[in-house]
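Under this note's numbering, the first residue of the sequence shown carries the number 24, and numbering increases by one thereafter.
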Amino acid sequence: MTTETLPLPPVPQSADGPRRLPRPGTYTAETDRCIVELTACYGPFVTMRRRLTASDATLTVPADADGCALRLELTGGPLRRSVLVFESDHCEPADDGSRLVCPGRLTLRDKPLPTDLPLRVVECIAERLLVTGSTQVPYRLLRAATGFALPRTRPADRLRLLVAAEFT
24 MTTETLPLPP VPQSADGPRR LPRPGTYTAE TDRCIVELTA CYGPFVTMRR
74 RLTASDATLT VPADADGCAL RLELTGGPLR RSVLVFESDH CEPADDGSRL
124 VCPGRLTLRD KPLPTDLPLR VVECIAERLL VTGSTQVPYR LLRAATGFAL
174 PRTRPADRLR LLVAAEFT
């Protein structure tokens, strides 16, 4: 260990700027490469945290457009036998490629609820995209729209959905 800090060589950039999305095509995230967590919060307190299983995680990058489509199908945990689906038809790159803004709908029991899922692009190479992100949904609104209810021992005023996925 020395007291001198050495500078890192600059990262070469491609001629068209930083890469924002992988090459056109359909990418999937394997079940063990997609971590999804559902958290129930009441004020500053976390009353429940459960891992969900991503039975389908698909990212479609078209050849002619800048945007992409994202679909996450989630099961397990407090959902019991229900399936929670997040669908976005048009994810837009923002902030020099470091983020994807995915306006979409969260569907539970065939009832959609509009929500946005902002994703941070951790790594993007030609055939792989690694993203993390989270969204919050008011619990009362979700319960009124879909009938989804947590146990009485788990009070909540909002639910947070945390996603980390590697699309290959």
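For glycine and all other residues, C-beta sits at the position ideal for the given N, C-alpha and C.
Problem set entry | A117 versus L123: straight-line alpha-carbon distance, rounded | Taken atom to atom, the span from the alpha-carbon of A117 to that of L123 is near 6 Å.
Exercise. For the region 145 to 180, which segments carrying the beta strand (DSSP E) assignment without a break, of at least 3 residues, lie completely within its bounds, in sequence order?
Worked result: 151 to 161
Exercise. Three-state secondary structure (DSSP) at G127?
Worked result: Strand, per DSSP.
For this session: Would you list the one or two residues that DSSP bridges to E53?
Result: DSSP lists no partner for E53.
Problem set entry | Close Cβ partners of D39 (< 8 Å) along its chain, the five nearest in sequence each way excluded | Here the model assigns D39 a pLDDT of 48, short of 50, so the residue's position is not dependable and the matter cannot be decided.
Exercise. Rounded to the nearest angstrom, how far is the Cβ of R128 from that of E110, given a contact under 8 Å?
Worked result: The Cβ separation is near 6 Å, so the contact holds.
Exercise. Looking only at its own chain, which residues have a Cβ that is under 6 Å from the Cβ of V186, when we skip the five neighbours before and after it?
Worked result: In chain order, V59, G156 place their CB closer than 6 Å to the CB of V186, counting only its own chain and leaving out the 5 sequence neighbours on each side.
Exercise. Would you call the CB atoms of L82 and T49 closer than 9 Å?
Worked result: yes
For this session: Could you spell out where the beta strand (DSSP E) holding L95 opens and where it closes?
Result: 91 to 98
Exercise. Hey, L152 and F190 are a contact pair by Cβ (cut 8 Å); roughly how many whole angstroms apart?
Worked result: 5 Å
Exercise. Between L182 and E146, what straight-line distance do the alpha-carbon atoms span, to the nearest angstrom?
Worked result: 27 Å
Problem set entry | DSSP beta-bridge partners of A77 | L97
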